[in-house]
Structures are given as structure tokens and as C-alpha cells.
Amino acid sequence: MLDKVWIRTLSDGLLRADQIIGLTAHATPSIPGKSPRWLLDVTVAVPAGSGNNSGWDVGILHRTLMQTPTEPVEAPEVLAALLARLADSGAAGIITPVATRASGAAGIVRFDFRAFPDEGSSPEAP
Numbered sequence: 608m609l610d611k612v613w614i615r616t617l618s619d620g621l622l623r624a625d626q627i628i629g630l631t632a633h634a635t636p637s638i639p640g641k642s643p644r645w646l647l648d649v650t651v652a653v654p655a656g657s658g659n660n661s662g663w664d665v666g667i668l669h670r671t672l673m674q675t676p677t678e679p680v681e682a683p684e685v686l687a688a689l690l691a692r693l694a695d696s697g698a699a700g701i702i703t704p705v706a707t708r709a710s711g712a713a714g715i716v717r718f719d720f721r722a723f724p725d726e727g728s729s730p731e732a733p
């Protein structure tokens with residue numbers, strides 16, 4: 608189970624890993640004067656809605672884990688493998704995505720996992 612594993616997002620704080628149903632990497636559209644960026648996104652298992660005068664639209668909810676200037680090669684696959692290993696181990700902690708270096712037109716992303724302190728220790732009160 609991944610209910611004790613959290614993933615750090617780009618701007619939305621922490622997301623519990625067991626809520627993720629999809630992993631994608633895609634480029635943003637090019638805007639005049641600004642080059643496109645690559646986004647590493649997760650899809651969350653809850654619907655999101657928005658509306659205007661024309662009506663209400665419900666779609667899937669995405670959260671961005673990171674932005675890179677180059678394609679994050681195999682990042683969804685690497686994160687999926689890490690999540691599978693952590694699920695099998697019963698781990699508890701936080702995953703932080705890190706862009707490590709660019710190689711030509713491709714970027715490398717690593718995922719750092721920091722375990723929570725030993726569950727046998729008592730939590731400190733504020």
C-alpha cells in the first residue's frame with residue numbers, strides 16, 4: 608500500500624501516492640518569446656470541475672510534479688517502478704522529484720525518497 612508515501616508537487620504541496628492513477632510527461636505549447644517547457648504530471652483519482660456561463664465541465668485532475676526545459680526521459684516509468692518497490696516494502700516517507708542534468712535534447716529526472724522517522728519513536732508534540 609502507498610497510503611504512507613507522499614510525493615512533493617511543484618506548487619500544490621504533498622500528494623498521497625495511493626491517489627495517483629496516471630503518470631505523464633508532455634510539452635507545453637510554444638508561446639511567442641517563450642520556449643516550451645516539459646511537465647511531469649500525475650493524474651489523481653478524483654474528478655475536478657470548472658464552469659462558466661455556458662455550463663459546468665468535469666474532467667480529470669492533474670498535478671504537476673516538475674517542469675524541465677528538456678524532455679524528462681523515462682521519468683514516468685522510473686517513478687512507477689519506485690512506487691511499485693515502495694508499495695511492496697510498506698515504506699513511509701516523501702518522494703521528491705529532482706532534475707539532475709540535461710543530455711542533448713533530453714533531461715534526466717531522479718526521485719529521492721526520504722523515509723519518515725522510525726514509527727517506533729513517539730511523535731513530538733508542538
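Every number in our numbering is 607 more than the matching position in the sequence shown, counting from 1.
Where a beta carbon is used, it is the ideal one built from N, C-alpha and C, also for glycine.
Measure the alpha-carbon distance for T631 versus N660 and round it to whole angstroms.
31 Å
Could you please give the first and the last residue of the uninterrupted beta strand (DSSP E) stretch that includes A632?
I627 to A634
Give, in chain order, every unbroken run of the beta strand (DSSP E) that is at least 3 residues long and sits entirely within the stretch 649 to 674.
none
Residue span of the beta strand (DSSP E) that contains R623, given as start and end:
L621 to R623
Excluding the five sequence neighbours on either side, which residues of its own chain have a C-beta within less than 6 Å of the C-beta of F718, listed in chain order?
L686, L689, I702 and P704
Three-state class that DSSP yields for L617 in the structure shown
coil
Could you pull out every residue in the same chain whose Cβ sits closer than 7 Å to the Cβ of R670, ignoring the five residues on either side in sequence?
T616, D619, L622, D648, V649 and V651
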